[in-house]
Structure formats: structure tokens, C-alpha cells
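A.B. asks: Here you go, one structure.
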Amino acid sequence: MTYALTLEQTRAPEPRTQAGLTQAVRAEWRKLVSLRSTVWALLITLAGTVLVSYLSAHGARHGRQPAGFYRGFDPTNTALAGLALGSLVIGIFGVLSMTGEYGSGTIRSSLAAVPRRRVFFAAKVIVLGTCALVVGMVMSFVSFYVGQAVLSGGAPTATLSDPGVLRVLLESGAFLALLALFGVGLGAMIRHSAGAIATFVGCTLLLPLLLHEVPGNVVRFSPESIFANSVADVVPTNGAVSSTEGFILMAGYTVLALAVGGVLLVRRDA
Amino acid sequence: MIRTQGLTKRYGRTLAVDDLTLTVTPGVVTGFLGPNGSGKSTTMRMMVGLDVPDAGSATVNGSPYAELRWPLREVGALLDAKAFHPGRTARNHLRWLAETNDIDVRRVDEVLDLVGLTSVAHRRAGKFSLGMGQRLGVASALLGDPGVLLFDEPVNGLDPEGIRWIRHLLRGLAAEGRTVLVSSHLISEMALTAQRLVVIGRGSLIAETSVEEFTASSQGDTVRVLTPTPQRFVKALSEAGARPSVGEDGAITVHAMRAADIGELAARLSVTVHELTPVRASLEDAFMALTADAVDFRSAPGGVEAHVPVPVPAR
Chain E
1 MTYALTLEQT
11 RAPEPRTQAG
21 LTQAVRAEWR
31 KLVSLRSTVW
41 ALLITLAGTV
51 LVSYLSAHGA
61 RHGRQPAGFY
71 RGFDPTNTAL
81 AGLALGSLVI
91 GIFGVLSMTG
101 EYGSGTIRSS
111 LAAVPRRRVF
121 FAAKVIVLGT
131 CALVVGMVMS
141 FVSFYVGQAV
151 LSGGAPTATL
161 SDPGVLRVLL
171 ESGAFLALLA
181 LFGVGLGAMI
191 RHSAGAIATF
201 VGCTLLLPLL
211 LHEVPGNVVR
221 FSPESIFANS
231 VADVVPTNGA
241 VSSTEGFILM
251 AGYTVLALAV
261 GGVLLVRRDA
Chain H
1001 MIRTQGLTKR
1011 YGRTLAVDDL
1021 TLTVTPGVVT
1031 GFLGPNGSGK
1041 STTMRMMVGL
1051 DVPDAGSATV
1061 NGSPYAELRW
1071 PLREVGALLD
1081 AKAFHPGRTA
1091 RNHLRWLAET
1101 NDIDVRRVDE
1111 VLDLVGLTSV
1121 AHRRAGKFSL
1131 GMGQRLGVAS
1141 ALLGDPGVLL
1151 FDEPVNGLDP
1161 EGIRWIRHLL
1171 RGLAAEGRTV
1181 LVSSHLISEM
1191 ALTAQRLVVI
1201 GRGSLIAETS
1211 VEEFTASSQG
1221 DTVRVLTPTP
1231 QRFVKALSEA
1241 GARPSVGEDG
1251 AITVHAMRAA
1261 DIGELAARLS
1271 VTVHELTPVR
1281 ASLEDAFMAL
1291 TADAVDFRSA
1301 PGGVEAHVPV
1311 PVPAR
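Taken in order, these protein sequences are the chains called E and H.
At position 208 of the first sequence the residue is numbered 208 (my numbering), and the sequence of numbers has no breaks.
At position 123 of the second sequence the residue is numbered 1123 (my numbering), and the sequence of numbers has no breaks.
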């Protein structure tokens, strides 16, 4: 008895800590910034988005407009035209963050290092979501300011303090982050880059075209319609859902995609 | 220490691993041998939690892998030559891995040096040769300085110098008291590297033994006999309980009878013998004999392997 007690006392104290979310998040962040291709893709997308916004504003300002063109004109929405491009690329960025792991075999290193798969997936979502949120906000605000600068002097402009404008910019930036996370969920489900990207593009670009023919204006519930007609509009387009409804709806799609992707990631062999 | 208990894995209708129970002990290199497709990789994947077994369990130091507090500091695994992103540099790959288990960044440079990749640490891993990729995999496995190491076919793609290097490395790691499990389908390589052997075929355990015992216990020993009258002597040998067969060069290969007894028999029957040579079974023969029933992808009859006289062991 005495002997056993002595052993118990002299045993080195067990480290209380264990590898957890903090470590996994740091690792995911390093993964993200250590790929030159991701960093470049995001910068180029940012430039492309702002360029399209610029062109849209330029067209509205200098084009030969019919009489009454500026009645009901939404300078904010006009300046955010580039976000359509941004939404596509940021979603693919989300998809690739998962399918790139499977395509390259990194997933086996990842899950051997972080075998608690919930923790791994949560870290992925946190890092990707945060990064996409920052990039989305930058896209949204830079597009807005560039657009207003182009419009000023010959067309109606908007300022941040105008009713609804700040709401539009914040929601649009956040919407881009949701699209990225929607992509993460699809990537976890489908695992192959080509298939997952095709599915993402199908959900965002193709779905509105198909749903257009469906009676009952179902098309207003599709992600891209919500973005263009509700969230990025100071005054929602006729027949569209309200911006709050639209945002909640997209958040719902995203949670659903992440839940299904997460469950499959935890259950399936890597 | 690695233990598996009734480990079973099914892919559709194929039984990849079948009720496998084994123990891998520290201090020696354990060779994990089996023909291609015998379930070695699947077993190792289940040991690190990448695949979930349909039945049974695998534990490392008494815990399932997913419950280890700091997985990389307890277990290092090289399961795949390409478990890294081609766009990331070798050093960055190791750095994110280190982050997951709070491993000091100095250790990253240490293992890069250990595997000889320091000079290419800032090159993208996608540009690496198979051998360099293999070295990066070894560096990843050693990153957490773990007491348990799993290597799946580590010599694939390595040049002779690399093969020698990994052989010394594995033996050195075992000599430090670590548990080292190395899979291979190359028996000759295992003969040089491993002290203990776990042999599997079609997913189930065939032998768990030392390298010496494995060769000694095999019934692969044969005797080569040359005589001008093979027909007559073959008949006599068969009647005496041996299993003779005549090869294309006219030589008789005799199984199940010692050279001395064959000599006695020849003397008694006044058979002229020109040559009487005991042929010791190699580890390779022993392996072939043991796994003869358990090869999934056998060469067609008439293929090179079919010419090797394979005695079927009485089990």
C-alpha cells in the first residue's frame, strides 16, 4: 500500500492541456497564408470586383441615358455590381479550402494531426469565415467608394449616412462570407474540386435561370437573387424578399450546407 | 505500444482486414509484411483513426488515437508519400503541422536537417521528387518526437543511399526505445531492417514472429539432386515419403527429406548421384510459402512466379 502511494506521488504530473481549437485555428491560418495561390487569387478577385463596380458606375454616369433614367436610381446598388463576380470567386475559394485538402492528400496529414474532426472542421470554418468576412467587407466598401467617386458630378450619389446604405454595405460583405462558408460545406460534402465547384456555380448562377420559369416567384429565394435584389439594394426590388429575410434565408442555407458537410466529414473514412 | 483487437474493415463486399489481433512492442523494428492488397495500409490507417473499423479496435499506448491529448507528440505516421499540398513549401508544411500540437518552431528546422531537406526547405513541395517527398513525410512523422512511429512502405521511391539512410534511422529509433512499425512488401528489405515480423495475407494474421524464427520454421528447405536416372530415383523418393519434382534442366528438387537421408537412399538403391545440394530457404521463400494461399493478385500460370517451387505448408 505504502509503495503504491509513493508511486502515485512521484509520478510526473499529467499535462492538463490537450491539443484543441486554438491550435487547430492557428494551423488553419498558417495553411491559408502559406499558399501563394490563395493570396494571389484573393487579391486579383478584389481588383476584378472593384473594376466591374467601376465600369458599372462609369456606364451609369457617362452612358447615353434615356430621359428619366435616374428616377428611382440606386447609386449604392450600381456601385456594388462587381460583387456578383466577387460572390462567385469567394464561394469557389471556400470550396477549394476543403477539396484542396482531399485533392492533394493533405487531409490525411490534417486528420492525423487533429483527429477530433469536429475541431478540425470548426477551425476551418472559423478561419475561412473570418478571412472571407474581411475580404467581403473590403470588396463591398471599396466598391461603394469607387462607385460614388465615379458617379459624382453627373449622377445621383449616396453617402454612408444615407438611410439604408450602411446596412447594404455591411450585409453585402457578410453575405460574401456566407457564400464562402456555403462553399466550405459543399466542399466537405463532395470532396472533389470539379464537382463541388460545379455544384456551387449551379446553386448560384444556374438555379435562378431555372427557377425563373417556376410559377410563384420561387426564384426570389435563390442565393444570387437574394444578393442582387434584396441584400445589395437600398430599396428592395419589387417582389423580392426583404433584406433581413433574405439574409436569414442565406444564413440558413449556409448552416445546412455546413451541417451536412460536417456530419459527412466526421463519419466518412478520410 | 500498439494493439489491435479483432480489427475488421470491409469495403463493400471485400473484407480488407479480417479480425486482426496483434501487438507491436517498443524497442524493436517490427516489419509488417504482406502481399499487395493484403490490408497493411488499411490496418495502419485504422491505427491513426483515418478509417473507422467495422469491428474491433486499435489503441496506441492504451488509448484510441482520437483520444490522445497531443497526437503528433505520441504518434508519428508516414502513410502516404503525398500527404502535403504541392503549393506549400516544405518548411511551411511542417510549420502548420507543428501549430496543431504546439510544437516549437525550432523543431521544424531540426527535422528538416535530420532528413536532409534544409537546402530545399523553401521550395514548393510539389516540385519534389518522390524520394524528397518521402523524406518530407519522414520529417512530418518525427516532428513531435513521438514514441510510436508508423511507416507505410517508406523505401518507395528512395535511391540506394536513401534506403540505407532510412534503415539506419528506423533501427536507431527502435534502439531509443520507440515502437516502430514498418510495412513493406519487400521481404529482403525487412530482413535487413526488422527484428520482429507481423505477416498478414488477405487481411488476417499469418504469423507474428522474429525474423530468425520465421526463416527457420519455414518448410521451404529443399535439396537439389542430379542423377543420370531421374525417373527411377523420383519414384523411389516418392515411395520414401519425399516430394520430388523434376525441373527443366533435369535436376530433381526434393522437398520434405534431408540431404543425408537422400544420400542414404541413393546408396541403398545404387543410384549414381552427380550432385546433392541442400538449398536453404530464403526469407523470400518462407514468405511465398506462407502467403501462397493469401495472394489476391496472383500472376498467371506460366508467369515468373509460377516457376518458383512453392511448397504448401502443412498448417
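Ideal placement from N, C-alpha and C gives every residue a C-beta, glycine not left out.
Which chain E residues are close to H:Thr1014, counting only those with a beta carbon under 8 Å from its beta carbon?
C.D. replies: Going along chain E, no residue has its Cβ under 8 Å from H:Thr1014, so there is no contact; the nearest lies around 14 Å.
A.B. asks: What's the gap between the Cα of E:Leu334 and the Cα of E:Ala196?
C.D. replies: With chain E running from 1 to 270 in the structure shown, residue 334 of chain E is simply not present.
A.B. asks: Inspect the beta-carbon positions of H:Arg1224 and H:Thr1272 and report whether they are closer than 8 Å.
C.D. replies: No, they are not a contact pair.
A.B. asks: For E:Thr38 and E:Ile90, I'd like the C-alpha separation in whole angstroms.
C.D. replies: Rounded to whole angstroms, E:Thr38 to E:Ile90 spans 11 Å at the Cα level.
A.B. asks: How close, in whole Å, do the beta carbons of E:Ser143 and E:Leu209 come, if the pair is a contact with beta carbons under 8 Å?
C.D. replies: Their Cβ separation, rounded to whole angstroms, is 25 Å, which puts E:Ser143 and E:Leu209 out of contact at 8 Å.
A.B. asks: Considering just the uninterrupted stretch of the beta strand (DSSP E) at H:Gly1076, what are its terminal residues?
C.D. replies: Start and end: 1075–1078.
A.B. asks: So for H:Lys1009, helix, strand or coil by DSSP?
C.D. replies: Of the three classes helix, strand and coil, the one that applies to H:Lys1009 here is strand, per DSSP.
A.B. asks: Going by C-alpha distance, which of H:Gly1012, H:Leu1072, H:Glu1153 is nearest H:Leu1079?
C.D. replies: The residue with the shortest Cα to Cα distance from H:Leu1079 is H:Glu1153.
A.B. asks: Can you tell me whether H:Pro1064 is buried or exposed, with buried defined as 16 or more other CB within 10 angstroms of its CB?
C.D. replies: With fewer than 16 Cβ atoms within 10 Å of its Cβ, H:Pro1064 is classed as exposed.
A.B. asks: Determine, for E:Gly261, whether the minimum Cβ-Cβ distance to residues of chain H falls below 8 Å.
C.D. replies: Output row for E:Gly261: interface = no.
A.B. asks: Could you check where the beta strand (DSSP E) with H:Ser1245 kicks off and where it finishes?
C.D. replies: Here the beta strand (DSSP E) through H:Ser1245 covers 1243–1246.
A.B. asks: Under 8 Å Cβ-Cβ, which residues of chain E neighbour H:Leu1097?
C.D. replies: Near H:Leu1097 (Cβ distances below 8 Å), the residues of chain E are Ala27, Ser109, Ala113.
A.B. asks: Throw me the rounded Cβ distance for the H:Asp1054 and H:Thr1008 pair, which I believe falls under 8 Å.
C.D. replies: Sure, about 5 Å apart at Cβ, within 8 Å.
A.B. asks: Select from H:Glu1099, H:Ala1090, H:His1122 the residue whose C-alpha is nearest the C-alpha of H:Arg1135.
C.D. replies: Of H:Glu1099, H:Ala1090, H:His1122, the residue nearest in Cα terms is H:Ala1090.
A.B. asks: I want to see whether chain C comes within less than 8 Å of E:Lys31, judged by CB atoms only; does it?
C.D. replies: As a matter of chain content, chain C is missing from the structure shown, whose protein chains are E and H.
A.B. asks: Can you tell me whether H:Arg1232 is buried or exposed? The criterion is at least 16 other CB atoms within 10 Å of its CB, across all chains shown.
C.D. replies: Label assigned to H:Arg1232: exposed.
A.B. asks: On a CA-only basis, which of E:Arg118, E:Leu46, E:Val52, E:Arg117 is nearest E:Phe93? Give me that one, please.
C.D. replies: Of the listed residues, the one whose Cα sits closest to E:Phe93 is E:Leu46.
A.B. asks: Alpha carbons only, please: which of H:His1274, H:Gly1037, H:Leu1142 is nearest the one belonging to H:Val1017?
C.D. replies: Checked all of H:His1274, H:Gly1037, H:Leu1142; the closest Cα to H:Val1017 is H:Gly1037.
A.B. asks: Enumerate in chain order the residues of its own chain whose CB-to-CB distance from E:Ser225 is below 6 Å, with the five nearest sequence positions on each side excluded.
C.D. replies: So the list reads Pro208, Val219, once near-sequence residues are dropped.
A.B. asks: List, in order along the chain, the chain H residues whose C-beta lies closer than 8 Å to that of E:Asp269?
C.D. replies: Ordered by position in chain H, the residues that pass the 8 Å Cβ test against E:Asp269 are Arg1045, Leu1050, Asp1051, Val1052.
A.B. asks: Does H:Trp1165 come within less than 8 Å of chain E when only Cβ atoms are used?
C.D. replies: With 8 Å as the cut-off, H:Trp1165 does not count as an interface residue toward chain E.
A.B. asks: Under a Cβ-count criterion, where at least 16 other Cβ atoms within 10 Å of its own Cβ denotes burial, should E:Arg36 be classed as buried or exposed?
C.D. replies: Per the 10 Å Cβ criterion, exposed.
A.B. asks: Within 10 angstroms of the Cβ of H:Trp1096, are there 16 or more other Cβ atoms? Answer buried if so, exposed if not.
C.D. replies: Buried, by the Cβ-count rule.
A.B. asks: For chain E, find out if any of its Cβ atoms is closer than 8 Å to the Cβ of H:Ala1175; answer yes or no.
C.D. replies: No - not a single Cβ of chain E is within 8 Å of the one on H:Ala1175.
A.B. asks: Whose Cβ in chain H lies nearer than 7 Å to the Cβ of E:Ala240?
C.D. replies: Correct list: empty, because the minimum Cβ distance to chain H is about 41 Å.
A.B. asks: Strictly below 9 Å CB to CB, what residues from chain E border H:Gly1157?
C.D. replies: Ordered by position in chain E, no residue passes the 9 Å Cβ test against H:Gly1157, which lies about 15 Å from the chain.
A.B. asks: CA-CA distance, H:Ala1242 and H:Ser1270?
C.D. replies: Approximately 18 Å, taken between the alpha carbons.
A.B. asks: Counting only beta-carbon separations shorter than 8 Å, does E:Ala41 have a partner in chain H?
C.D. replies: Not one chain H Cβ lies under 8 Å of E:Ala41.
A.B. asks: Name the chain E residues whose beta carbon is nearer than 8 Å to that of H:Arg1069?
C.D. replies: Per Cβ cutoff of 8 Å: Pro15, Thr17, Gln18, Ala19.
A.B. asks: Straight-line CA distance for E:Met189 to H:Thr1043?
C.D. replies: Looking at the two C-alpha atoms, the distance is approximately 25 Å.
A.B. asks: Residues of the stretch 1111–1141 of chain H with a CB closer than 7 Å to any CB of chain E: list them in chain order, please.
C.D. replies: Listed by position, the residues of the stretch 1111–1141 of chain H near chain E (Cβ gap below 7 Å) are Ser1140.
A.B. asks: Which stretch, first to last residue, makes up the alpha helix (DSSP H) that contains H:Ala1267?
C.D. replies: That run of the alpha helix (DSSP H) goes 1259–1268.
A.B. asks: Suppose you measure from the CA of H:Ser1183 to the CA of H:Arg1167; what does that come to, to the nearest Å?
C.D. replies: Looking at the two C-alpha atoms, the distance is approximately 13 Å.
A.B. asks: Quick one: using the 10 Å Cβ neighbour count with 16 as the cut-off for buried, is E:Gly233 buried or exposed?
C.D. replies: A small fix is needed here, since residue 233 of chain E is Asp in this sequence, not Gly. Looking at its Cβ environment, which holds 16 or more other Cβ atoms inside 10 Å, E:Asp233 is buried.
A.B. asks: Are the Cβ atoms of H:Ala1139 and H:Leu1169 separated by less than 8 Å?
C.D. replies: In this structure, H:Leu1169 does not lie closer than 8 Å to H:Ala1139 by Cβ.
A.B. asks: State yes or no: is the beta carbon of H:Phe1151 nearer than 8 Å to at least one beta carbon in chain E?
C.D. replies: Not closer than 8 Å to any Cβ of chain E, the Cβ of H:Phe1151 fails to qualify, so no.
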